[in-house]
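Trainee: Chains as they are written, first to last, in my numbering: chain C, 211 to 530; chain F, 697 to 1015; chain W, 22 to 345. Where is the CB? At the ideal position from N, CA and C, for every residue including glycine. Sharing a structure, written as structure tokens. Questions coming.
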């Protein structure tokens, strides 16, 4: 049973200059397609990872999943409810308490003027719930001390703050937590602590994670299924075993080759061609074709659709 | 260096009070280390206290006609009066009022008008700044363009305009009573723009931070987010502006009163006293002008220095 | 063996503050030879950048060098002041920072910035400087260097900007390049290109490179030797393959084990309990002892030994016992 179902999700941002500048400089509107027709499903109690480089649209998808952004077209259904179009306020409220998010920057994601206790229980208190002793209980569950509830965020290190963020995310007893680069601001040894904690909590609370990351090693360690994004498009989706052992899409291959390896002493990686193109004017057809070593004419002309290939789904004309 | 906190060791429950947090903060530490800040705080505090307790400190009530003796008029400071033999610390004015007492009472009016005007400007400015920064779009355009237009006029002109209009619509018999309130309204309305601009800028920075997103995510209303989340985090620049504005408001009040459109002679502020005093300057009774003027200067300067120091302390990037 | 380009001996940096003096760098010694990349790795607050800044004389007051010596090509440079330091900085040491935008002047074309630097440090004509600028841009792999030389920094992508910064660092032909997290702000695919570029330049020009990063993968692929730092001190120094495959310091071992690896699948990650101590709370003895599973009384009492190449600053190094 899938908890999340995303259908041809698209988000366009208007990044034009102000109206007057446009008129004077005779420029057209500039539209940035951050996410383009993305489909995927996330099974309950699994971890789905979205991986990609900057401009891949992974964070935009995350924000649409939790309802911080509205899709331009397409839809996100969580437990069969579409937050963007649902009109029943009670249903929206119910779904909202099922969804939480953990952010990248542990220094910006806690209000510096609030005590940790108030931060953690806000999701409950905002709904008028009773939160007596809840913060203390949650703090202990995330490996901090109940005595920390009365402190302010500035007294904690980055890793501890991320634990506080996790405690806040847990307080409304959610089913789904979207984790946007949860460890990329943390040091390696602290990252291990946070990833282990996330795994434990997933088992204990029956959580579903959507993990957004640029770090292939983290994704491989955590995910049950991985979606690779390039320039707002889903290009490949597979289980970690298939993705790393039997890579289908040339972009994924390039990414895996380029990532530094702990055992790659003196390795001369095969260097990626070029850089990520401008998302305002993406290449025609397959967005990856200018950098693709195996591109043919059809790749310039026609955008490949996602098709199943074994247990993998891939959007490439030539993958086999 | 030796007391390494050990994770499992029982710690004392130390719930830091906000006062404790403040006393431990870098700002308070910097305050202690800055002689300018400490001295101007002491001066400002003693001026405020003496204004507050004027009825207890002042030797006479200068506005009680019964206590006045016209014979005491034009007594020089610290010299006994030629007719009555009474001596006054800072002398007396033409009607025999003790200058020291009038200054204490005048400072009350000046400070009251200044503080009230700044509070008014703060409430208007913070509200409009929060709304325009958080909501954006057309709301922001309208509020901020209005602010820009108002900024093109000197604020004293705006204040005089508001004062004039307000005076025109109040009935004659209430004018003296209303004068103080009109003054507050005039200065407050001419001063909100700075607050709005600073709060809008800070709000735009804060609203992109992830703690605000976390609050939006759980369905908190924009009203709750602005008030509970953003407002506490934009208050430090507001504090700086408020302090500097207080000095400006006190001077603006003095200017208006000096020009004769401010506090009435029945409730004289420092500005009114200076206006009255300058009439006697050329006849040699310099003290009637000098002492109120020095008080005004000290008051405005101490507030201003405090504001400058606050700006440096709270905003390290400006140094 | 050739004379090292950079030699640091017992370097300590101190920052006096209201609550006492902290030591972000404490008794660090290492050498970098010509044509060698030394990876300096550590978590945030380990003092790795601070050591680099001390070498180039960019410590922000009140931070200052409290003890130790820095030698560059046989000249002692830690006491240089003002003009001497500035000249040396551009001429002998090139610097590459994490954010390329902060090291480029947004108001000058990149050609002007390159020529300016060359004219300051080399005795050449304006024409010659421009020619060399184009050559420098070509060398760092900017396509169409001759056409793009008059472009401004904002017209380049992040990766291209970092290439320009590297060209700028190289243009006075320095003998040492300090690269402080040069790829942290870049995408994986661009990071690989920049690392390859640094390696090529180091090899071809014989420049010594100090590569400061938190990324063990980058260190493994790029560095010849590695210095692992912890709480301002050197934890381990040695050949990169030796240190990463057979770490002798428990901290290095923990760090390696806590990185998720393809081979270990879904198993729990090894974790080092706790976090790096704050600088004002560095414990006595070995700074790692509260987090170390092997800690003994000696570790709590005596500061960890100062180390030379190929050793770990540990009273009970791991691999050494296995070997003997």
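1. Give the straight-line distance between the Cα atoms of residue 56 of chain W and residue 226 of chain W, rounded to the nearest whole angstrom.
2. Count the other CB atoms within 10 Å of the CB of residue 244 of chain C; is the residue buried (16 or more) or exposed (fewer)?
3. DSSP state of residue 796 of chain F, grouped into three classes?
4. In the DSSP output, which residue or residues are listed as bridge partners for residue 37 of chain W?
5. Name, please, each residue of chain C whose Cβ falls closer than 9 Å to the Cβ of residue 265 of chain W.
6. Between which two residues does the beta strand (DSSP E) harbouring residue 215 of chain C extend?
7. Quick check on residue 432 of chain C: buried or exposed, where buried means 16 or more other Cβ atoms within 10 Å of its Cβ?
8. Is residue 705 of chain F helix, strand or coil by DSSP?
9. With residue 175 of chain W as the anchor, note down where its alpha helix (DSSP H) starts and where it stops.
10. Kindly provide the ranges of any beta strand (DSSP E) runs that are 3 or more residues long and lie completely inside the stretch 218–287 of chain W, ordered along the chain.
11. Count the other CB atoms within 10 Å of the CB of residue 766 of chain F; is the residue buried (16 or more) or exposed (fewer)?
12. Rounded to whole angstroms, how far is the Cβ of residue 384 of chain C from the Cβ of residue 308 of chain C, which I believe are closer than 8 Å?
13. Helix, strand or coil: how does DSSP classify residue 996 of chain F here?
14. Closer than 9 Å between beta carbons: that is the criterion. Which residues of the stretch 274–294 of chain C meet it against chain F?
15. Three Cβ pairs or more, each shorter than 8 Å: is that satisfied between the stretch 736–744 of chain F and the stretch 35–54 of chain W?
16. Using the beta-carbon of each residue, which ones in chain C are nearer than 9 Å to residue 928 of chain F?
17. So, helix, strand or coil for residue 249 of chain C, using DSSP?
18. Quick one: grab the DSSP three-state call for residue 192 of chain W.
19. Between the stretch 31–62 of chain W and chain C, which residues of the former have a C-beta closer than 8 Å to a C-beta of the latter?
20. Across the stretch 198–218 of chain W and the stretch 479–496 of chain C, are there enough close Cβ pairs to call them in contact, namely three or more that are closer than 8 Å?
21. Is residue 212 of chain C closer than 7 Å to residue 251 of chain C when the C-beta atoms are compared?
22. From the DSSP secondary-structure annotation, give me the bridge partner or partners of residue 60 of chain W.
23. When DSSP builds the beta bridges, which residues end up paired with residue 926 of chain F?
24. Taking the CB atoms as reference points, tell me whether residue 943 of chain F and residue 925 of chain F lie closer together than 7 Å.
25. Between the stretch 361–392 of chain C and chain W, which residues of the former have CB atoms less than 8 Å from a CB of the latter, in chain order?
26. Going by alpha carbons, who is nearest to residue 219 of chain C out of C:256, C:292, C:263, C:236?
27. In the structure shown, what three-state DSSP assignment does residue 289 of chain C receive?
28. Counting only beta-carbon separations shorter than 7 Å, does residue 915 of chain F have a partner in chain C?
29. When the cut-off is 7 Å and only beta carbons count, does residue 253 of chain C lie next to chain W?
30. Three-state secondary structure (DSSP) at residue 341 of chain W?
31. Cα separation between residue 18 of chain W and residue 134 of chain W?
32. Nearest by alpha-carbon distance to residue 521 of chain C: which of C:455, C:367, C:236 is it?
33. Give the list of continuous beta strand (DSSP E) stretches no shorter than 3 residues that lie fully inside the stretch 406–439 of chain C.
34. What are the boundary residues of the alpha helix (DSSP H) that includes residue 121 of chain W?
35. With a cut-off of 7 Å, does the C-beta of residue 315 of chain C fall near any C-beta of chain F?
36. Got a sec: which bits of the stretch 267–278 of chain W sit with their beta carbon under 9 Å from any beta carbon on chain C, in order along the chain?
Mentor: By the coordinates alone:
1. For this step, residue 56 of chain W is matched to residue 35 along the third chain. For this step, residue 226 of chain W is matched to residue 205 along the third chain. Rounded to whole angstroms, the separation of the alpha carbons of residue 226 of chain W and residue 56 of chain W is 7 Å.
2. The residue you call residue 244 of chain C lines up with position 34 of the first chain. Residue 244 of chain C should be labelled buried.
3. Residue 796 of chain F sits at position 100 when you count from the first residue of the second chain. The answer is helix: DSSP assigns residue 796 of chain F an H, G or I state.
4. Working through the third chain from its first residue, we reach residue 37 of chain W at position 16. W:42, per the DSSP bridge assignment.
5. For the purposes of this step, residue 265 of chain W is taken as residue 244 along the third chain, with counting starting at 1. Under the 9 Å cutoff, chain C gives 472, 473, 475.
6. As a position in the first chain, residue 215 of chain C is number 5, starting the count at 1. Unbroken beta strand (DSSP E) run through residue 215 of chain C: 212–224.
7. For the purposes of this step, residue 432 of chain C is taken as residue 222 along the first chain, with counting starting at 1. Buried, since its Cβ has 16 or more Cβ neighbours within 10 Å.
8. In the second chain, the residue the question calls residue 705 of chain F occupies position 9. Unreliable positioning characterises residue 705 of chain F in this predicted model, as indicated by a pLDDT of 39, which lies under 50. A coordinate reading is not provided.
9. On the third chain, position 154 is the one that residue 175 of chain W refers to. Looking at the DSSP string, residue 175 of chain W is not in any alpha helix (DSSP H), and its letter there is neither H nor E.
10. Along the length of the stretch 218–287 of chain W, whole beta strand (DSSP E) runs at least 3 residues long occupy 229–234, 246–251, 254–260, reported in chain order.
11. In the second chain, counting from the first residue as 1, residue 766 of chain F sits at position 70. Flag for residue 766 of chain F reads exposed.
12. The residue labelled residue 384 of chain C in the question sits at position 174 within the first chain. The residue labelled residue 308 of chain C in the question sits at position 98 within the first chain. Correct: roughly 5 Å between the Cβ atoms.
13. Counting from one through the second chain, the residue named residue 996 of chain F turns up at place 300. Here residue 996 of chain F sits in helix by DSSP.
14. Of all residues in the stretch 274–294 of chain C, only 276, 277, 278 place a beta-carbon less than 9 Å from a beta-carbon of chain F.
15. Not touching, per the Cβ criterion.
16. Here residue 928 of chain F refers to the residue found at position 232 when the second chain is read from its first residue. Residues of chain C whose Cβ lies closer than 9 Å to the Cβ of residue 928 of chain F are, in chain order, 321, 322, 323, 324.
17. For the purposes of this step, residue 249 of chain C is identified with residue 39 of the first chain, where counting begins at 1. In this structure, residue 249 of chain C counts as strand in the three-state DSSP scheme.
18. The residue given as residue 192 of chain W occupies position 171 in the third chain. Under the three-state reduction of DSSP, residue 192 of chain W is assigned to coil, being neither helix nor strand.
19. Flagged: no residues at all.
20. Touching, yes.
21. One-based indexing of the first chain puts residue 251 of chain C at position 41. One-based indexing of the first chain puts residue 212 of chain C at position 2. Between residue 251 of chain C and residue 212 of chain C, the gap from beta carbon to beta carbon is short of 7 Å.
22. For the purposes of this step, residue 60 of chain W is taken as the residue at position 39 of the third chain. The bridge partners DSSP lists for residue 60 of chain W are W:232, W:247.
23. Counting from one through the second chain, the residue named residue 926 of chain F turns up at place 230. Its beta-bridge partners do not exist; DSSP assigns none.
24. Along the second chain, one-based indexing puts residue 943 of chain F at 247. Along the second chain, one-based indexing puts residue 925 of chain F at 229. Contact check for residue 943 of chain F against residue 925 of chain F fails: the beta carbons are separated by 7 Å or more.
25. Under the 8 Å Cβ criterion, the stretch 361–392 of chain C contributes 367, 368, 369, 370.
26. As a first step, residue 219 of chain C is located in the first chain; it is residue number 9 there, counting from the start. Residue C:292 is the option with its Cα nearest to residue 219 of chain C.
27. Against the first chain, residue 289 of chain C aligns to sequence position 79. Note: residue 289 of chain C maps to coil in three-state DSSP.
28. For the purposes of this step, residue 915 of chain F is taken as residue 219 along the second chain, with counting starting at 1. Answer yes: the Cβ-Cβ gap between residue 915 of chain F and chain C drops below 7 Å somewhere.
29. Taking the first residue of the first chain as position 1, residue 253 of chain C is located at position 43. With 7 Å as the cut-off, residue 253 of chain C does not count as an interface residue toward chain W.
30. As a working note, residue 341 of chain W is residue 320 in the third chain. Because the pLDDT of residue 341 of chain W is 49, which lies under 50, any placement of that residue in the model is unreliable, and the number read from its coordinates should be weighed accordingly. DSSP places residue 341 of chain W in the helix class (H, G or I) of the three-state scheme.
31. Outside the shown range of chain W, which is 22 to 345, sits residue 18 of chain W, and nothing can be said about it.
32. Translated into positions along the first chain, residue 521 of chain C becomes position 311. Closest option to residue 521 of chain C, judged by alpha-carbon separation, among C:455, C:367, C:236: C:455.
33. Correct list: 418–423.
34. Residue 121 of chain W sits at position 100 when you count from the first residue of the third chain. Per DSSP, the unbroken alpha helix (DSSP H) holding residue 121 of chain W starts and ends at 121–124.
35. Here residue 315 of chain C refers to the residue found at position 105 of the first chain. Yes, its Cβ sits closer than 7 Å to a Cβ of chain F.
36. For the stretch 267–278 of chain W, the set of positions with a beta-carbon nearer than 9 Å to some beta-carbon of chain C reads 272, 275, 276, 277, 278 in chain order.
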